[in-house]
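Take the sequence shown: its position 93, counting from 1, is numbered 93 in UniProt numbering, and each next residue is one higher.
In this text, a Cβ means the ideal position worked out from N, Cα and C, and glycines have one as well.
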Amino acid sequence: MSDQRLPAVQAINQLDFMSHSPAQTERVGQRLGEQLQPGDLVLLIGTFGVGKTHLVKGLARGLGADDLVTSPSFVLVNEYRAGPQHQAMPIYHVDLYRLAETAELATLGLEELWAGDGICLIEWPERVAQSLPAEHLAIHIQHLSETKRRMRLAPHGPRYVSLVGTFKGTTFG
Ligand SMILES: Nc1ncnc2c1ncn2[C@@H]1O[C@H](COP(=O)(O)OP(=O)(O)OP(=O)(O)O)[C@@H](O)[C@H]1O
Ligand SMILES: [Mg+2]
Numbered sequence: 001m002s003d004q005r006l007p008a009v010q011a012i013n014q015l016d017f018m019s020h021s022p023a024q025t026e027r028v029g030q031r032l033g034e035q036l037q038p039g040d041l042v043l044l045i046g047t048f049g050v051g052k053t054h055l056v057k058g059l060a061r062g063l064g065a066d067d068l069v070t071s072p073s074f075v076l077v078n079e080y081r082a083g084p085q086h087q088a089m090p091i092y093h094v095d096l097y098r099l100a101e102t103a104e105l106a107t108l109g110l111e112e113l114w115a116g117d118g119i120c121l122i123e124w125p126e127r128v129a130q131s132l133p134a135e136h137l138a139i140h141i142q143h144l145s146e147t148k149r150r151m152r153l154a155p156h157g158p159r160y161v162s163l164v165g166t167f168k169g170t171t172f173g
């Protein structure tokens, strides 16, 4: 999934754009984060070092979180807290790269995270492709050059089509 080149033709409802710097990726994340609502699930798809965690930093900032966003290392899930304007809801930052085997998945209790009233942001969702909810926002990031990234927001389900529509209006409109 992650090594695939994004096809040149995008489907209706999808949104393609470029990021020219880490700071721009964070700003884009911030704009999108401002629009997130309790229960939202966002999948971050792309190769090593492409910018998934940078985008999560922006998303957390847009949600008003003051916490330091880092790559989950020994644990697979970091939890942050959104600001008061976002009901101080929990933000679960999941990185499944180190998920050893599917058995470990059960102990993680991911289903509870994405079924809850928090925000769930998942790096390397390919690891659990079979178990993911059908409704989610997929963000594909592709490495173009040292500082250029191609981003594609692909909504799955009506909630996410509406989210991408609002994001497009406020960010590019
Ligand atoms: N336009 C850009 N957007 C995001 N990151 C960029 C961009 N240009 C360069 N970078 C660099 O790419 C790296 C992205 O690192 P980051 O940890 O966000 O990647 P990641 O996708 O989370 O990697 P991993 O798969 O290891 O978790 C950083 O070193 C950042 O400075
Ligand atoms: Mg990362």
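When you get a sec, list the residues whose CB is within less than 6 Å of any heavy atom of ligand 2, chain order please.
Lys52, Thr53, Ser71, Asp95 and Glu123
Closest to Gln85 by C-alpha separation, out of Gln24, Asp66 and Thr70, would be which residue?
Asp66
Do you know whose CA, among Asp95, Glu112 and Gly62, lies nearest Glu26's CA?
Gly62
Report whether the distance from the Cβ of Thr147 to the nearest heavy atom of ligand 1 is below 7 Å.
yes
From this set, Ile141, Ala82, His136 and Pro22, which residue's C-alpha is nearest Val164's C-alpha?
His136
Which residues in the same chain have their Cβ closer than 7 Å to the Cβ of His20, if we skip the five residues on either side of it in sequence?
Thr147 and Lys148
On a CA-only basis, which of Arg127, Gln142 and Leu153 is nearest Val50? Give me that one, please.
Gln142
In three-state DSSP terms, what is His54?
helix
Residue burial classification, Val9 (beta-carbon count within 10 angstroms, cutoff 16):
exposed
For Glu104 and Ser162, the rounded distance between their alpha carbons:
34 Å
Buried or exposed for Pro158, please, with buried defined as at least 16 other CB atoms from any protein chain shown within 10 angstroms of its CB.
exposed
Reduced DSSP secondary structure (H/G/I, E/B, other) of Phe48
coil
Do the CB positions of Leu44 and Leu55 come within less than 8 Å of each other?
yes
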